[in-house]
Each structure stands twice: as structure tokens, then as C-alpha cells.
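Here the sequence shown is numbered in the numbering used here, starting from 1 and rising by one per residue.
Working notes, beginning with the structure itself.
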Amino acid sequence: MELQKIVIVSGGTNGIGEAVCKTLHKENWKVYNLDILEQKHSYSEYVFCDISNYENVKNAIGEIIENENRIDAVFSNAGIHLMSNLEETTLEDFHKVLSVNFCGTFYLLKSVLPFMKKQKFGKIVLNGSEQCFIGKANSAIYGATKGAVGQLTKSTAIDCAPFNIQVNAVCPGTTNTPLVDKFLKKYCINEKDKQEKVSFLENAQLIKRMAKPEEIASLVSYLLSDKSDFITGSLMTIDGGYTCE
1 MELQKIVIVS
11 GGTNGIGEAV
21 CKTLHKENWK
31 VYNLDILEQK
41 HSYSEYVFCD
51 ISNYENVKNA
61 IGEIIENENR
71 IDAVFSNAGI
81 HLMSNLEETT
91 LEDFHKVLSV
101 NFCGTFYLLK
111 SVLPFMKKQK
121 FGKIVLNGSE
131 QCFIGKANSA
141 IYGATKGAVG
151 QLTKSTAIDC
161 APFNIQVNAV
171 CPGTTNTPLV
181 DKFLKKYCIN
191 EKDKQEKVSF
201 LENAQLIKRM
211 AKPEEIASLV
221 SYLLSDKSDF
231 ITGSLMTIDG
241 GYTCE
């Protein structure tokens, strides 16, 4: 009987992370969700973890290794958004976005890779962004963290290739998640303004809509599967054609 594969997802309580947990659960993975937000779904084993705290991450990974003695895959997804230009970004916001989006990814990889190297296999997918490739207005710091995730993907893929570990990134465009809802609530002054902003976000893609979390999850699932064994160091856009123009 084939062993059930073990995958760790950070930020799996809602949005893209939740969709990935659900998709992999259906595919018979055992999923561990590392998040500060308690989950309301049953697709994964919940482990409280502040991804921006190295000791939290290291201890959470240690517990999973002790329980399973196996980690087949990781999806580093936890992240936060910030809409602000550089001058208007407070030091507090700068450090917060950096600590979650980049440091959290670094902490997760630093905690997982030694074990994966010992077992001589593993699949890692990082959640990047269209902003791995392009700049956007009022997105200097968020975009910088996602650009850093892109470079982390490539360099780590090179370092891990001798150990049969593949490292890739998905780079979504605007996706219909609670992050978008939070953005709309924060920046819309009324319902008309909200509809105009939603229309703007949808029409920015060639396909004229936002991505569905399940669509991103399908690509993550593929990259974590045996079908992607010859893919590593790739930043894979899934943005409705946004970066084509």
C-alpha cells in the first residue's frame, strides 16, 4: 500500500492556502496547516504558527517531523499585502510585510530543507506574485518582498538540485480571496466605488476576471506531484495574461 504523502502549507486557513489544503486533501495528501488564524475547515491538521517568528516555525516543523518522520512537500503561502508608496510606508508596516512575506518564507525553508536533504527528496512551491516580474503603483515594499521570493526560488533550486529537491514558485495575478475583500473594505468609500474598483481589477486581466483560488491550487498541486519532476527553478505565472502587455 502506497504511503500517504505529507505536505506542509503555511497560511492555509483561507484564500489560496485553504484552496490548496482542500485540493491536496482530495488527492489523499495528509496536510498540515501552519497559521495564526484558526481554521474552520477539516481539510488539514491545524498547527498554530506565527510564520514571522523563527522559533515558532522551527518548533512546528520539528513536531511534524517527529510525528511523521517524512515531509514530501511544502507550499509556502502565508503573506500579507500592503498598498503604499515608499515614502508613505511606515517603518512598522515595512518590517511587518518583510517579516511575513520574505522572512517567513526563509524561516520555513531553513527549517524544512535539512530534513529534506537527509531524506533526499522533496517538492517545494513558494507563493510569489505577478510582481516577481513587474512593478505596480503603491506597491513598492510588497513588490520588493515578492521579487525576493522569486530570487529565493531560483537560488534554492540550484542549491537543492543535487538532493532531488525541486523548488518552484507560482506567481498569481489578482485572486478573489479575503485579501481582496479586505482591500475593498479599506479603500472603498461606498458601494459604487467598490463596484468600480472590482471592475478595474477584473478588466486589468486579458481574461477579464480575477483568478479563483481553486485555479491557483490546481497549479500548486501539479508542481507538488510526480508529474513535475523535470521542473525546478521556475516562476510560473497564473495571472490571466496580465504580464503579457
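Beta carbons are placed, not taken as given, at the ideal position from N, Cα and C, and that holds for glycine.
Using only alpha-carbon positions, find the residue among the options that is nearest to residue i.
i, options, result
"Phe121", "Glu88, His25, Asp229 and Lys96", "Asp229"
"Leu82", "Ile189, Ile231, Phe183 and Asn28", "Phe183"
"Ser225", "Asn28, Ala19 and Gly11", "Asn28"
"Ile65", "Glu130, Lys118 and Lys40", "Lys118"
"Ser84", "Tyr107, Ser52 and Phe94", "Phe94"
"Glu68", "Ser218, Asn53, Val125 and Leu3", "Leu3"
"Gly147", "Phe163, Cys171 and Ile158", "Cys171"
"Thr105", "Leu91, Gly128, Pro114 and Ser76", "Ser76"
"Leu126", "Gly135, Tyr43, Thr156 and Phe115", "Thr156"
Short check: CB of residue i to CB of residue j, under 8 Å?
i, j, result
"Lys30", "Lys5", "yes"
"Asp142", "Val100", "Checking the sequence, you will find Tyr at residue 142 rather than Asp. Not in contact: Tyr142 and Val100 (Cβ atoms no closer than 8 Å)."
"Met236", "Ala169", "yes"
"Thr177", "Gly15", "yes"
"Met145", "Phe102", "Residue identity differs from the one stated: residue 145 is Thr in this sequence, not Met. In contact: Thr145 and Phe102 (Cβ atoms closer than 8 Å)."
"Cys160", "Val149", "no"
"Ile61", "Val112", "yes"
"Leu219", "Ile238", "yes"
"Lys123", "Gln151", "no"
"Thr89", "Ala137", "no"
"Leu34", "Val47", "yes"
"Glu202", "Gly173", "no"
"Tyr107", "Tyr43", "no"
Taking 6 Å as the limit between beta carbons, can you name the residues of its chain near residue i, skipping five residues before and five after?
i, result
"Ile8", "Tyr32 and Val74"
"Lys154", "Gly233"
"Lys58", "Ser111"
So, for residue i: in the same chain, excluding its five sequence neighbours on each side, which residues have a beta-carbon less than 8 Å away from its beta-carbon?
i, result
"Leu206", "Gly240, Gly241, Tyr242, Cys244 and Glu245"
How far does the beta strand (DSSP E) with residue i in it extend, from its first residue to its last?
i, result
"Asn203", "Looking at the DSSP string, Asn203 is not in any beta strand (DSSP E); the run it does join, the alpha helix (DSSP H), is Glu191 to Asn203."
"Ser76", "Ala73 to Ser76"
Name the two residues that bound the continuous alpha helix (DSSP H) containing residue i.
i, result
"Ala161", "Premise fails: Ala161 is in no alpha helix (DSSP H) and is neither H nor E."
"Gly240", "Looking at the DSSP string, Gly240 is not in any alpha helix (DSSP H), and its letter there is neither H nor E."
"Asn59", "Tyr54 to Glu68"
"Ser10", "Where Ser10 is concerned, there is no enclosing alpha helix (DSSP H), although the beta strand (DSSP E) it sits in stretches over Ile6 to Ser10."
_Those runs of the beta strand (DSSP E) which lie wholly inside the segment 12-49 and span at least 3 residues_ = For the segment 12-49, whole beta strand (DSSP E) runs of length 3 or above, ordered along the chain, are 30-35 and 45-48.
_3-residue-minimum beta strand (DSSP E) runs that sit fully inside the segment 71-117, ordered along the chain_ = Fully enclosed beta strand (DSSP E) runs of 3 or longer: 73-76.
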